[in-house]
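Number of protein chains: 2
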Amino acid sequence: MKNPQALTIGKLARHGGVNIMTIRYYERRGLLPAPARTASGYRLYADDALRRLQFIRQAQLLGFSLSEIQDLLSLRMQPGTTCADIRMRAKEKIAAVEKKIEDLERIKNALTALASACRGKGPTADCPILEALETEHST
Amino acid sequence: MKNPQALTIGKLARHGGVNIMTIRYYERRGLLPAPARTASGYRLYADDALRRLQFIRQAQLLGFSLSEIQDLLSLRMQPGTTCADIRMRAKEKIAAVEKKIEDLERIKNALTALASACRGKGPTADCPILEALETEHST
DNA sequence: ATAAACCCGGTACCTTGGTATAGAGTCAAC
DNA sequence: GTTGACTCTATACCAAGGTACCGGGTTTAT
Numbered sequence: 001m002k003n004p005q006a007l008t009i010g011k012l013a014r015h016g017g018v019n020i021m022t023i024r025y026y027e028r029r030g031l032l033p034a035p036a037r038t039a040s041g042y043r044l045y046a047d048d049a050l051r052r053l054q055f056i057r058q059a060q061l062l063g064f065s066l067s068e069i070q071d072l073l074s075l076r077m078q079p080g081t082t083c084a085d086i087r088m089r090a091k092e093k094i095a096a097v098e099k100k101i102e103d104l105e106r107i108k109n110a111l112t113a114l115a116s117a118c119r120g121k122g123p124t125a126d127c128p129i130l131e132a133l134e135t136e137h138s139t
Numbered sequence: 001m002k003n004p005q006a007l008t009i010g011k012l013a014r015h016g017g018v019n020i021m022t023i024r025y026y027e028r029r030g031l032l033p034a035p036a037r038t039a040s041g042y043r044l045y046a047d048d049a050l051r052r053l054q055f056i057r058q059a060q061l062l063g064f065s066l067s068e069i070q071d072l073l074s075l076r077m078q079p080g081t082t083c084a085d086i087r088m089r090a091k092e093k094i095a096a097v098e099k100k101i102e103d104l105e106r107i108k109n110a111l112t113a114l115a116s117a118c119r120g121k122g123p124t125a126d127c128p129i130l131e132a133l134e135t136e137h138s139t
């Protein structure tokens, strides 16, 4: 390991807070480029691999799937891609997140209504929650 | 088919709005009880299977997983289960949904901040969205 | 110099909620 | 009385995002 910034896969994994298998998986998926190898076949990563890993994890935290992240990464590489392209992806994701939030709000309201209709005592035979579940119902 | 209310799997599927395979899958998972069979092995369902199917679908719409639905169903069967037990499941689900909403709100806010930091023109080299993704960041 | 820790590739497995396919048997209608 | 629609079982496959195991080779530390 002559290169001072070269990381073995284990070190990259520890620094990046992921599992070694995850790194190999990302490489298979094309999210991480295939790194240099030692004579014996060990992967050797430069620092940019760590930044790439961070990119992936941050994007995941923001709700992007690995496929979408792949898309973001390849956009970034393609010359001619503009900031606007990236921003569009972000806006699309915002819209998707908003939709998911709305769906969950609807679910929450329906559940809350059911839970408050149930006075919470007695046998299940006449539980309004169970009853409601047995009948069609525009949630 | 002497029984007037007996349904073949195909009819049950159509009435319930699901795929035939889904019904068999629910049976394998234990969500639907194994029905009676004709001499030739065809499944024959009574009307309560349809109600059960509706229960499952409604509960899914409310965000319950199939395992949780299984739990609800077996709770309902157990004598001694009270309305309060059911209500507790509903409240737990409400809390989980609320947490998911909060997570998504956080994601949405982070994405919105990034998108508005990006003026949407120029090359990707200095796109604030991409930059933000490369650095650790308490979302 | 030898044990511990590391790494290799390949493959299989996990969860969730189904869907598809194959090859066979059965039922209803014309 | 045969064609077409239906059903049967068993097994495999899908997305998504990994995780685990295996049998071997390599490095590192003592």
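First to last, the sequence lines map onto chains A and H.
Sequential numbering of the first sequence, starting at 1, is according to this note's numbering.
Sequential numbering of the second sequence, starting at 1, is according to this note's numbering.
Beta carbons: idealized from backbone N, C-alpha and C, even for Gly.
In this text the structure is predicted, and so the values were computed from the model without any measurement.
Extent of the continuous alpha helix (DSSP H) to which residue i belongs
i: D47(H); result: 47-61
i: E134(A); result: 128-134
i: S74(A); result: 66-77
CB of residue i within 8 Å of CB of residue j, strictly
i: E98(H); j: K108(A); result: yes
i: R29(A); j: L66(A); result: yes
i: L44(H); j: T81(H); result: no
i: L12(H); j: L73(H); result: no
i: A59(A); j: L133(H); result: yes
i: I129(H); j: A115(H); result: yes
i: T124(A); j: I86(H); result: yes
CB contact below 8 Å: residue i versus chain H
i: E98(A); result: yes
i: R28(A); result: no
i: Q58(A); result: yes
i: T82(A); result: yes
i: A13(A); result: no
i: G172(A); result: What is shown of chain A runs 1 to 139, which leaves residue 172(A) out entirely.
i: L66(A); result: no
i: L130(A); result: yes
i: T75(A); result: The identity of residue 75(A) in the sequence shown is Leu, whereas the question assumes Thr. Judged by the 8 Å Cβ criterion, L75(A) is in contact with chain H.
i: I107(A); result: yes
Which residues DSSP lists as bridging residue i, in chain order
i: A36(A); result: L44(A)
i: A123(A); result: Reading off the sequence shown, one finds Pro at residue 123(A), where the question assumed Ala. According to DSSP, P123(A) bridges with T82(H).
i: L7(A); result: Y45(A)
Short CB-CB distance (under 8 Å) between residue i and chain A
i: P33(H); result: no
i: Q70(H); result: no
i: T124(H); result: yes
i: Y45(H); result: no
i: A115(H); result: yes
i: A90(H); result: yes
i: Q54(H); result: yes
i: G63(H); result: yes
i: A49(H); result: no
i: T112(H); result: yes
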